[in-house]
Every structure is written in structure tokens, then in C-alpha cells.
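*Asks:* Take a look at this one; I'll ask things after.
In our numbering, the protein residues as written are 604 to 836.
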């Protein structure tokens, strides 16, 4: 399956770089632009499958970028990312601008990624290929956020979901508590590592309740951290 190509356009480089980094972690190919002119040049060279577009750009603003893309015949889906939160701005972004979705700053990167996947699924229709992680009898649909162990659907909190997702994506690599903290609790959380232990404990109980009677999927590697892997044999 080809990688999703994402163009992130924002005049704040740290924001653009953050979104692009998370997208690359998802397995996407991502490039960034910090002005309308740069965005138009990259759109012609990179041919993105989807665009994250800030409205308030120097020079050519977000509406101007999208107008030029549409006039050139490019119907790439666009998710606006902006500090404007008025109703009029939302309507303009989704009607006059021809955008596919709208997210207001400050934002959660995971929410943005979820919206991007939804827009891609809607634009691709039945040809969209879902992203499903699997480790042993455990499966996680990253588009619907459904997690199943065998036939049982698990009910997870957002934090439990993100910890499990991180471990499944990194399997069979052992991840330290610090790595889990840095990935799941962003923006300088500064929490203690025992919060990871608590979440892991809750996840193990939920897996047990789902009928996991064999070796635990989430294993502790003493002195190092945690790993999720299918039991051998």
C-alpha cells in the first residue's frame, strides 16, 4: 500500500513540524510549508493526497491557496487549521473556501489525525484501506478506534488506547516508561513514571477480562520497560 502524502501548511514552523512528525509516525509521507507561495510550489511538486492548511498565512492566505489549487483543477481534500473560531469563519472555510473540515487552534494532534483519516476515507469511498494493527489475537482499528481481543470488544479510556496503540505500533520492541510518557503525555506533562504502571495494570485487567488465559500480551522486561508481543509456542 502506498503511503499517504500529506502537505502541512502553517506559518508557525513548530506546529507544522509537529503535525508532520506525528504523520510520519503514522507511516505517512509528510512535507511542510510556512507560506502560501511555498505551499503552492510544494503542491505542484509533491502531489499531496490531503492538505492541512492554515488560513492566516503571510502573502497568499489559506483561502487564496485553496482558490488557486481549485482553479488549477486540483481537488485534493483540505482540512483548515486556524486560530479563527467564529461561526462566520467556519462557514467560509467549509463553503466559500471549499474545505473538507475545520479545526481550531489550540488543537490535539490526535484529533487532527483522526479528522484527516475521516476525510481520506470519505473522499476515497470504498477504495479506502483501513489501518488495523494486530498482535496475536489483539486488533486495533485506528480509524474507528475499536479494539478487540479475540471476539470481545474492549472499552478503553483515551489514555489506555494511546498506550496500547504505542506498544502495538512498536511491537516487538521494548519501550521504556520514559518513552511511553513522552509519546502519550505530550506538551511537557512532567508526570511520574508510576502513571504508566497504573495504565498498564488497567490494560492487563481488561485483557484478562476478555478471556486472555495464556501468557500476558503486555510483558514487563525488568530494568527496561514494557513490550507487547504474541506468546511463542
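Note that the Cβ used here is the ideal one computed from N, Cα and C, for glycine as well.
Out of 740, 654 and 823, which one is the CA nearest neighbour of residue 716?
*Replies:* Taking the chain shown and counting its residues from 1, the one referred to as residue 716 is at position 113. Of the candidates 740, 654 and 823, the one whose C-alpha sits nearest the C-alpha of residue 716 is 654.
*Asks:* So, at 7 Å on beta carbons, what are the nonlocal neighbours of residue 629 in its own chain, with the 5 sequence-adjacent residues on each side left out?
*Replies:* Within the chain shown, the letter at position 26 stands for residue 629. Here the set comprises 716.
*Asks:* Roughly how many angstroms separate the alpha carbons of residue 709 and residue 618, rounded to a whole number?
*Replies:* Within the chain shown, the letter at position 106 stands for residue 709. Within the chain shown, the letter at position 15 stands for residue 618. Spanning the two alpha carbons is a distance of roughly 10 Å.
*Asks:* Hey, how far is the Cα of residue 774 from the Cα of residue 824?
*Replies:* Numbered from its first residue, the chain shown carries residue 774 at position 171. Numbered from its first residue, the chain shown carries residue 824 at position 221. Spanning the two alpha carbons is a distance of roughly 13 Å.
*Asks:* Just the Cα atoms here: how many angstroms apart are residue 656 and residue 642?
*Replies:* If you number the chain shown from 1, residue 656 lands on position 53. If you number the chain shown from 1, residue 642 lands on position 39. When rounded, the distance between both Cα atoms is 9 Å.
*Asks:* Could you tell me which of 832, 760, 772 and 833 sits nearest to residue 801, measuring between CA atoms?
*Replies:* Against the chain shown, residue 801 aligns to sequence position 198. When only C-alpha atoms are compared, the closest one is 760.
*Asks:* Can you grab the Cα-Cα spacing for the pair residue 646 / residue 766, in whole Å?
*Replies:* The count along the chain shown starts at 1 and reaches residue 646 at position 43. The count along the chain shown starts at 1 and reaches residue 766 at position 163. About 34 Å.
*Asks:* Round the Cβ separation of residue 544 and residue 832 to the nearest angstrom and send it over; I've been treating them as touching at under 8 Å.
*Replies:* In the structure as shown, the chain begins at 604 and stops at 836. Residue 544 is therefore absent and cannot be evaluated.
*Asks:* Would residue 756 be called buried (16 or more neighbouring beta carbons within 10 Å of its own) or exposed?
*Replies:* Translated into positions along the chain shown, residue 756 becomes position 153. With fewer than 16 other Cβ atoms within 10 Å, it is exposed.
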